[in-house]
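First comes the structure, then the notes that go with it.
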């Protein structure tokens with residue numbers, strides 16, 4: 006076993022993988038060469054530490070630190086290595102690197118866990134390629150079935166199953182199964198960069214999650230009639246871009262009024278020509294709310310306003326919920342146990358995470374957040390100070406020590 | 006010389022080239038295999054008719070019917086073979102096929118022109134690949150310089166000059182030069198499917214153009230701040246999608262109020278991820294107006310409203326006019342001469358055409374329109390009845406006979 010590199014060295018290793026020299030942002034879509042390189046790096050780190058790597062047929066990995074006398078249900082920690090398009094360095098990788106660094110910290114201290122500790126990496130957490138967030142953990146836990154995944158394609162039309170089949174997966178892929186994992190661990194702790202400014206406001210480098218807001222992705226297909234942009238009289242048009250535009254503004258206004266979140270960040274226009282009225286505009290609404298009732302009411306109101314406008318534009322609206330996640334209340338006792346010792350604040354989050362999927366699958370789950378000075382995430386400007394990252398590693402190590410003793 | 010096929014046969018030849026089996030629309034972007042196939046088909050038709058093919062270095066073609074005794078400045082007719090994305094069958098090809106069919110009609114009647122007749126095909130009329138409409142005729146006439154064309158790229162980043170270099174051009178490309186052509190012809194007549202319903206309202210199968218409205222393409226770059234769609238508070242955002250959406254609605258409203266035309270049919274979002282507030286939205290405004298003053302006022306008002314909204318959104322707006330074409334008044338005497346004999350109505354058009362570029366370059370120019378029952382164009386639903394198309398061929402043949410006698 007080679008000497009384990011420290012947090013900073015691991016961070017430097019990952020830094021160049023999938024980074025755009027133009028924007029400084031990351032493009033680590035699942036099963037692309039950049040993401041597979043990051044996955045290989047992780048396996049190498051596991052080998053260097055003598056961790057026992059298990060993987061499922063989709064590339065989800067759990068690497069075990071399981072000393073000879075370790076027994077009983079242990080603890081799982083980790084995150085993901087994929088990114089949104091042009092994303093930040095921290096969302097995902099910080100949890101993976103911190104998990105490895107926490108193992109190093111515990112070993113340096115001479116700690117030997119009485120229960121196994123697993124370090125996990127789940128694939129396609131962001132849903133940036135196949136459209137379904139937390140796809141890896143969904144497939145592992147059965148929240149999404151293989152049959153459902155068969156229909157998923159990326160923007161180029163590549164099927165998820167084909168991308169998996171062509172990707173280089175860890176040797177022995179298929180050994181990892183949810184039924185076994187569920188017996189091997191008593192809880193999951195995911196460390197993540199904060200994606201807001203709650204910890205800045207509270208002046209704390211680390212916090213613990215209370216719950217994930219319910220959230221969903223909703224595809225809006227606005228249908229109209231393609232026509233010449235010059236010769237078609239304004240009053241003869243059925244322009245779906247107008248219906249889309251009004252829906253964008255309506256979603257924003259409704260979210261502001263109700264204190265919830267609504268975003269149209271992705272749009273696909275056909276034929277997308279300068280001199281043609283579009284025949285179709287497809288757009289995705291990302292909506293989040295403090296309760297499932299609030300979420301349903303928000304989306305229903307946006308849909309109502311979209312239909313009202315479509316009536317004026319002579320266009321059509323078809324709404325398809327692509328993924329809707331109910332509220333995830335993390336294990337309160339576990340959160341109290343983690344936060345209690347050091348007095349870390351307990352805060353809610355509006356972002357979905359694999360932790361939410363594992364929690365919904367019945368595994369007691371907690372999350373640690375590391376302060377983000379600007380709150381910016383899903384952007385090249387995403388950041389965390391090294392000092393705060395190291396505080397996160399310390400908090401995670403302390404948590405693992407407590408839970409695996 | 007093999008017997009010349011009739012209009013219907015030529016139309017059938019062209020029909021499958023570049024047609025989407027999904028939409029029934031056409032994808033004949035310049036220098037793609039579909040468009041090159043159509044170009045080859047045209048050259049074959051010219052060879053079959055014994056026409057003398059000349060071409061320039063960009064693939065613009067003029068094929069000459071020049072009997073031994075023909076002399077003096079003749080007449081040029083033709084159109085283009087490229088299409089918008091998912092376009093119709095008639096926009097462009099109808100003028101090319103009708104030109105060949107008109108030559109056949111005249112020969113069948115035993116007419117021998119006293120002056121040369123040229124049949125032309127100009128490349129990239131739609132600007133659907135490289136963004137600049139009438140690029141072929143612009144380059145031929147010098148309205149756009151080679152240096153300006155060097156910066157043009159398609160959506161994949163392919164440079165125009167590289168696409169030309171890799172395309173199969175007619176043998177002897179480079180023989181065609183504007184200075185020569187300008188001396189060889191006294192006028193240009195382009196036949197085109199109508200892109201509105203003026204001829205339907207007037208109950209006429211054929212009409213003659215009076216003028217082309219001034220029009221332009223304006224790129225709007227809306228800049229904001231990428232961020233997480235879930236965790237970023239609505240009030241902390243700088244979301245350029247909101248500024249874009251308001252600008253779409255403002256452009257539509259201004260055009261409606263002023264009786265002009267404004268369309269946002271093309272948009273490009275970065276990073277275009279469902280769960281990310283975009284950092285940038287780029288969109289193209291197609292605007293047309295009855296006068297250059299009206300056009301300038303329309304665009305200025307849209308820009309003012311975009312900036313006003315950007316102030317609220319904390320975003321930025323950069324407006325770049327990519328191409329602005331002044332009004333083209335076609336040769337009034339020529340139009341009267343063409344329309345006079347058969348009493349065809351004389352109507353304006355809001356669509357740009359190569360005829361507008363040649364007219365601006367000083368060549369007396371006219372256009373014939375063929376009735377379009379729905380007025381729909383730039384769409385798979387674009388249509389003209391065969392009877393009307395044949396009336397168009399007859400009108401063009403009569404015009405050529407008159408002008409080349």
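Residue numbers (my numbering), protein chains in the order written: chain A, 6 to 410; chain B, 6 to 410. Backbone N, C-alpha and C define an ideal beta-carbon position, used for all residues, glycine too.
Restricting attention to A:63, A:387, A:340 and A:279, the CA atom closest to the CA of residue 143 (chain A) is found in A:63. The way I'd put it, the region 202-221 of chain B doesn't touch the region 100-110 of chain B; fewer than three beta-carbon pairs between them come closer than 8 Å. Within the region 278-294 of chain B, 278, 279, 280, 281, 282, 283, 284, 289, 291 and 293 place their CB atoms closer than 8 Å to a CB of chain A, listed in sequence order.
Per the coordinates, the alpha-carbon of residue 46 (chain B) lies some 8 Å from the alpha-carbon of residue 19 (chain B).
Within the same chain, 74, 75, 76, 77, 409 and 410 come within 8 Å of residue 119 (chain B) by CB-CB distance, once the 5 residues on both sides are set aside.
Relative to the Cα of residue 44 (chain B), the nearest Cα in the group B:95, B:170, B:125 and B:93 belongs to B:125. Non-local beta-carbon contacts of residue 368 (chain B) in its own chain, meaning distances under 6 Å to residues more than five positions away in sequence, involve 193 in chain order. The Cβ of residue 388 (chain B) sits no closer than 7 Å to any Cβ of chain A. Nearest CB-CB separation between residue 318 (chain B) and chain A: not below the 7 Å threshold.
Nearest C-alpha to residue 335 (chain B) among B:347, B:352 and B:36: B:352.
For residue 245 (chain B), the enclosing alpha helix (DSSP H) covers residues 245-263. For the pair residue 12 (chain A) and residue 387 (chain A), the Cα-to-Cα distance works out to about 18 Å.
Nearest CB-CB separation between residue 217 (chain A) and chain B: not below the 7 Å threshold.
Just measuring C-alpha positions, the residue of A:166, A:85 and A:38 sitting nearest residue 153 (chain A) is A:166. A straight line joining the alpha-carbon of residue 275 (chain B) with that of residue 163 (chain A) spans about 21 Å. Residue 302 (chain B) has a beta carbon lying at 7 Å or more from every beta carbon in chain A. The C-beta of residue 276 (chain A) comes closer than 7 Å to at least one C-beta of chain B. The beta carbon of residue 168 (chain A) lies closer than 6 Å to those of 36 in the same chain, with the five residues before and after it left out. For residue 146 (chain A), the enclosing alpha helix (DSSP H) covers residues 140-146.
Annotated as distal: residue 137 (chain B) and residue 61 (chain B), with beta-carbon spacing of 7 Å or more. Across the region 206-233 of chain A, CB contacts with chain B closer than 8 Å involve 218, 220, 222, 230, 231, 232 and 233, in sequence order along the chain.
Here the alpha carbon of residue 272 (chain A) sits roughly 11 Å from the alpha carbon of residue 227 (chain A).
Only residues of its own chain outside the window of five on either side were considered, and among them 210, 211, 375 and 376 have a CB closer than 8 Å to the CB of residue 393 (chain B), listed in chain order. Annotation: the region 8-55 of chain B contains the following complete segments of the alpha helix (DSSP H) (minimum length 4 residues), in chain order: 12-19 and 38-53. Residues are counted here when their Cβ sits less than 9 Å from a Cβ of chain B; for the region 233-259 of chain A these are 233, 234, 235, 236, 237, 238, 239, 240, 241, 242, 244, 246, 247, 249, 250, 251, 252, 253, 254 and 257, given in chain order.
Proximity of chain B to residue 132 (chain A) at the Cβ level (cut-off 8 Å) is accounted for by 279 and 280, in chain order.
Residue 138 (chain A) reaches chain B at 279 and 280, counting residues in chain order whose Cβ is nearer than 9 Å. Contacts with chain A at 7 Å (Cβ-Cβ) do not include residue 372 (chain B).
The count of Cβ pairs closer than 8 Å, one atom from the region 313-321 of chain B and one from the region 227-239 of chain B, reaches three, so the stretches are in contact.
In the three-state scheme derived from DSSP, where H, G and I count as helix and E and B as strand, residue 338 (chain B) is classed as helix. Chain order gives no chain B residues near residue 161 (chain A), where near means a beta carbon separation below 7 Å; the closest approach is about 12 Å.
Using a CB distance cut-off of 7 Å, residue 123 (chain B) does not count as an interface residue toward chain A. Fewer than three pairs of CB atoms, one per stretch, sit closer than 8 Å, so the region 238-246 of chain B makes no contact with the region 215-224 of chain A.
Here the C-alpha atom of residue 141 (chain B) lies approximately 15 Å from the C-alpha atom of residue 173 (chain B). Residue-level contact check: residue 91 (chain A) touches chain B, since one or more beta carbons of chain B fall below 7 Å from its beta carbon.
With fewer than 16 other Cβ atoms inside 10 Å of its own Cβ, residue 337 (chain B) counts as exposed.
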